[in-house]
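Shown next, in structure tokens, is the structure this report addresses.
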Amino acid sequence: MPAARTVVAGAAAVAGLAMAVAALVLALTRVPDPDAATVAWGLAGAGGSGVLGAVVAASRPRLLAGWLMLLVGVSSGGVALAATVAAALVPADPGSTVGAAAFWLSTWLWVPAYVPVVALLLQVLPGGRLPGRGWAAAAAVGSAAAVLAPVGGSMHQRAAELGGTCTVTGGPGTTVHACLPTGAA
Numbered sequence: 001m002p003a004a005r006t007v008v009a010g011a012a013a014v015a016g017l018a019m020a021v022a023a024l025v026l027a028l029t030r031v032p033d034p035d036a037a038t039v040a041w042g043l044a045g046a047g048g049s050g051v052l053g054a055v056v057a058a059s060r061p062r063l064l065a066g067w068l069m070l071l072v073g074v075s076s077g078g079v080a081l082a083a084t085v086a087a088a089l090v091p092a093d094p095g096s097t098v099g100a101a102a103f104w105l106s107t108w109l110w111v112p113a114y115v116p117v118v119a120l121l122l123q124v125l126p127g128g129r130l131p132g133r134g135w136a137a138a139a140a141v142g143s144a145a146a147v148l149a150p151v152g153g154s155m156h157q158r159a160a161e162l163g164g165t166c167t168v169t170g171g172p173g174t175t176v177h178a179c180l181p182t183g184a185a
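Under the UniProt record's numbering, the first residue of the sequence shown carries the number 1, and numbering increases by one thereafter.
Right, here's the structure in full:
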């Protein structure tokens, strides 16, 4: 059983790193105006959190900290790749199904890439577990934040679908910054 956990943790770390490296290669070769910050955060998250999380999860699988770090790393690599694919495909072909799917994925994958760090990971460090029973409520609030954060994003998306306005900036690698209901701007 320990060997299986090691394989799972290692495979997840490699997947996160591979996605981040693929985003870097794509940004350097195919995207006219890549979002360098997204690619850099993806590489840092996948390389730092993902690899370290895999080491901790494989050697001490009962510690939640390692698995949370692994989740952050894989999600960071996924965000970088999805955002870069969207930036490469959507400006060239706004009707691209793959580009739209990549854009949609990049707008939701940030949640497991960032929210667990502030909502949960800091609570389980340095020992890998919650400090005591009283911390379960704080962990529940952090988990609720991780689940509810995408709801806020969907509200913005729904506002745009209902005739709201979206602020879009940038050239070929356009970025949607905010969608507001009509009249709110």
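Idealized CB from N, CA, C, for every residue including glycine.
Worksheet item: In whole angstroms, what separates the C-alpha of Val7 from that of Leu122?
Response: Translated into the one-based positions of the sequence shown, residue 7 becomes position 7. Translated into the one-based positions of the sequence shown, residue 122 becomes position 122. Each residue's alpha carbon lies about 26 Å from the other.
Discussion item. Just to confirm before moving on: does the CB-CB distance between Ala20 and Gly42 stay below 9 Å?
Written reply: The residue you call residue 20 lines up with position 20 of the sequence shown. The residue you call residue 42 lines up with position 42 of the sequence shown. Taking 9 Å as the Cβ cut-off, Ala20 and Gly42 qualify as a contacting pair.
Fill in: Cβ-based burial, Thr38 [other Cβ within 10 Å; buried from 16]
Taking the sequence shown and counting its residues from 1, one reaches residue 38 at position 38. Buried: at least 16 other Cβ atoms inside 10 Å.
Worksheet item: Smallest Cα separation from Ala83: which of Gly10, Ala9, Leu26, Leu130?
Response: On the sequence shown, residue 83 is found 83 positions in, with the first residue counted as 1. Comparing Cα positions, the closest option is Leu26.
Worksheet item: Do you know offhand how far Ala146's Cα is from Leu64's?
Response: Translated into the one-based positions of the sequence shown, residue 146 becomes position 146. Translated into the one-based positions of the sequence shown, residue 64 becomes position 64. Near 16 Å, if we compare the C-alpha coordinates of Leu64 and Ala146.
Discussion item. Using only CA atoms, which one of Leu130, Ser75, Leu70, Leu120 lies nearest to Leu105?
Written reply: What you label residue 105 is simply residue 105 of the sequence shown in a count that begins at 1. Closest by alpha carbon: Ser75.
Worksheet item: Can you tell which of Leu71, Gly45, Ala57 has its C-alpha closest to the C-alpha of Pro116?
Response: The residue given as residue 116 occupies position 116 in the sequence shown. Residue Leu71 is the option with its Cα nearest to Pro116.
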